[in-house]
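Take a look at the structure set out below.
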Amino acid sequence: MREYSRPIKVEIPTDARLTDTVFARAAQEPDTVMLRRLESGQWHDVTCGEFGATVTAIAKALIAAGVGHGDRVGLMSRTRYEWTAIDYAVWAVGGVTVPIYETSSEEQVQWILGDSGCVAVFVETAEHENRVEAVRADLPSLTSVWRIEDGGLKEFTASGGEIDGAVVEERRRAGSADDLATLVYTSGTTGRPKGCELTHRNLLFTILNIIEGPLREVFTVEGRSTLLFLPLAHSFARIIQVGCIESKTVLGHFPTTGPELIDTLGVYRPTFLLAVPRVFEKVYTKAEQKAVSEGKGKIFHAAAETAIAYSRALDSGGPGLLLKLKHALFAKLVYGKILAAVGGRAGYAVSGGSALGERLGHFFRGVGLTIIEGYGLTETSAPTAVNSPDANKIGTVGPPFPGVSVRIGEDGELLIKGDHVMRGYWGNPKATAEAFDEDGWYRTGDLGSLDEDGYIRITGRKKEIIVTAGGKNVAPAVIEDRIRGHELVSQCMVVGDNRNFVSALITLDAEALEFWKKQNRKEGELASLISDPDLVAAVQQAVDNANKAVSRAESVRKFKILPVDFTEEGGQLTASLKVKRHVVARQFEREIEEIYGG
């Protein structure tokens, strides 16, 4: 199949705005819980009326500060309650929110605030404020910097006390569905980040058709709630924020994916999760390590294989009696503990950002947590395609959601049409023109295929295709994802352009390495272990397993374990954890040459 479309379920009227639901719910059901807020280690309910009042108060202060319709306002903060409140307040006055990752460097902050022409910016901490102040001389449009912490937001909000609430409502209603809502900057893997122009229509069309389409079951379960812990500066978390508000799903925020997240999930007890594959890999690895350390490794591995077999059987006629009995036994012994670690109520998780891997997808579904994979880009308001709980083809990213059309180009590129596609790149007509073909289809830059039901498989990035010296085209994503699925591996980058064979640079997960060292009675830091025969053999297993998924010409013949991990601070990763291939190739040029005997 070369093209597939799904009929739209929800049309967006011209006068629709993202703030409509917030203000309608505040008026109609003021005492209903809308969010939960973490304060001093305790979760507190926030009602529709309270949230509406907070949004209105911040909006008044924005008006008092002179923020006009269409003005851009930066927002640099970790994921927290105030992020969502500020976002909706900016929209309430007709402004445009410009998210900035809290990890962004001074140079990145300068580029995003300067390119977008922000008139003001909210920052979370004094340290964030210092980063802005360091480049403020180069930001002529920036007139105000407001801090969230240390009483800053409270002080700012108080400055709008003289503004009448009717003024906010007048400003809010002056907007339309086709007004710009946000500029979300791309991760910048191949150059300067570009600002994607997303309108109120883009975001509402996307989430309402998903809520009434593939994720209806997720967003309508009784007592529904989720905990956002991915950065809200990323379009993936952002669209779920909007989805929670629109679907009456109770929304909580947590600022990190660190070790304390698991304990927090146990207390918050969400009904569904939103995460990237790395989070699920860590949940699996920690459960495995705990079982091994308690002398229950064989039981865990048997349980894992049973879960995978059970899930696969669901796609091929259902499990037999013996498999059902084994599954029921391990549900009591193992699976319940894994589910309890994320609160015990979550039946679904939505995964995006990169491929999860079929084995991990089947494992979690077999355990009782169905991971729903989707696909999208910043330019498409996050999602374009997503599986559904009742028609989940593990290994695919699902069909396009209602109202979206996809096409496979002559060169294998995935092309997209729909009201979720951005208006263009801010101030960059050349890049905008290049992003669309002559028929108005958005060029994703991703290679993919469509099956007979319209389900999409992503096979690689068009710009990342490696051409070996023998002329073989290699899409690195497939084998990289497989290698990254190993518990010891953190990151992997395949190389081999104009070389005689394909090789890989591999980094190790620090926590997993410590566990491996204990199990294998090894000592020393990573730098002294990268040539250890036992460690090399363990990583070789990951490579051998990944090679099974590709032809011999595409397989990794040699690899090198690096003494450091790829990080955002080191410049190898973007804020959304994508590998900057050109940076890695430059920084580790010597290691690459050593692989090829240079």
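Counting from 468, one number per residue, gives the positions in the sequence shown under my numbering.
Built from N, CA and C at the ideal position, the CB exists for glycine as well.
A quick note: this is a predicted structure, and the numbers were derived from the prediction, not measured.
Original post:
Which first and last residues belong to the beta strand (DSSP E) in which tryptophan 613 is found?
Top reply: In this chain, the beta strand (DSSP E) harbouring tryptophan 613 covers 611-614.
Original post:
Does the beta-carbon of proline 786 have 16 or more other beta-carbons within 10 angstroms, so that it is buried, or is it exposed?
Top reply: By the 10 Å Cβ count, proline 786 comes out buried.
Subject >> Nearest-angstrom Cα separation, counted from leucine 914 out to leucine 879 >> reply: Note that residue 879 corresponds to glycine in the displayed sequence, not to leucine. So the alpha carbons of these two residues sit roughly 5 Å apart.
Original post:
Which residues mark the beginning and the end of the alpha helix (DSSP H) in which tyrosine 751 is found?
Top reply: Per DSSP, tyrosine 751 belongs to the alpha helix (DSSP H) from 744-760.
**OP:** Assign serine 507 to one of three DSSP states: helix, strand, or coil.
**Re:** Correct three-state label for serine 507: coil.
Original post:
When you compare each of Thr837, Ser821, Arg503 and Asp904 to glutamate 549 by their alpha carbons, which one comes out closest?
Top reply: For the residues Thr837, Ser821, Arg503 and Asp904, the minimum Cα distance to glutamate 549 belongs to Arg503.
Subject >> Inter-residue CB distance, serine 995 and leucine 975 (contact presumed, cutoff 8 Å) >> reply: Your pair serine 995 and leucine 975 does not check out as a contact, with CB atoms roughly 13 Å apart and the cut at 8 Å.
Original post:
Run through DSSP, which three-state label would proline 1000 get?
Top reply: DSSP places proline 1000 in helix when its eight states are reduced to three.
Original post:
Which whole-angstrom value is the C-beta distance of arginine 691 and threonine 738, which I expect to be below 8 Å?
Top reply: By a beta-carbon distance limit of 8 Å, arginine 691 contacts threonine 738. Their separation comes to about 5 Å.
**OP:** Over the uninterrupted alpha helix (DSSP H) stretch that includes cysteine 515, give me the two end residues.
**Re:** Looking at the DSSP string, the run of the alpha helix (DSSP H) that includes cysteine 515 is 515-531.
Original post:
Of all the alpha helix (DSSP H) runs that stay within the bounds of the stretch 876-918, which reach a length of 4 or more residues?
Top reply: Within the stretch 876-918, complete alpha helix (DSSP H) segments of at least 4 residues are found at 896-901, given in chain order.
Original post:
Are the CB atoms of alanine 532 and serine 626 nearer to each other than 9 Å?
Top reply: Closer than 9 Å, so yes.
**OP:** Report yes or no: do three or more beta-carbon pairs, one from the stretch 878-893 and one from the stretch 901-911, lie closer than 8 Å?
**Re:** The answer is yes - the stretch 901-911 touches the stretch 878-893, with three or more Cβ pairs under 8 Å.
**OP:** Could you tell me whether the stretch 900-907 touches the stretch 931-941, using the rule of 3 or more Cβ pairs below 8 Å?
**Re:** No, they do not touch.
Original post:
Who are the Cβ neighbours of isoleucine 775 in its own chain at under 8 Å, not counting the five residues just before and after it?
Top reply: Shown here for isoleucine 775: same chain residues with a beta carbon closer than 8 Å to its own, the five before and five after excluded, namely Arg826, His829, Phe830 and Gly833 in chain order.
Original post:
Run through DSSP, which three-state label would glutamate 629 get?
Top reply: The DSSP-derived three-state label of glutamate 629 is coil.
Original post:
Is histidine 701 buried or exposed, if buried means 16 or more other CB atoms sit within 10 Å of its CB?
Top reply: Buried, by the Cβ-count rule.
**OP:** Mind reading off the beta-carbon distance from serine 714 to threonine 481? Whole number of angstroms is fine, and I expect it under 8 Å.
**Re:** The beta-carbon distance between serine 714 and threonine 481, rounded to whole angstroms, is 23 Å. This is too long to meet the 8 Å contact definition.
**OP:** Please go through the same chain and pick out, in chain order, the residues whose beta-carbon is closer than 6 Å to the beta-carbon of aspartate 554, but skip the five residues on each side of it.
**Re:** Its chain contains Thr564 as the residues whose beta carbon lies nearer than 6 Å to that of aspartate 554, once the 5 sequence neighbours on both sides are disregarded; these appear in chain order.
**OP:** Just the C-alpha distance for isoleucine 861 and asparagine 669, rounded to the nearest angstrom, thanks.
**Re:** Roughly 28 Å separates the two Cα atoms.
Original post:
On the three-state DSSP scale, how would you describe serine 995?
Top reply: The three-state secondary structure of serine 995, taken from DSSP, is helix.
Original post:
Does the separation of the CB atoms of arginine 924 and valine 864 fall below 9 Å?
Top reply: One thing to note: arginine 924 has its Cβ within 9 Å of the Cβ of valine 864.
Original post:
DSSP puts histidine 829 in a beta bridge; with which residues?
Top reply: BP columns for histidine 829 are empty, so no partner.
Subject >> Nearest-angstrom Cα separation, counted from glutamate 992 out to arginine 1053 >> reply: Those two C-alpha atoms are separated by around 25 Å.
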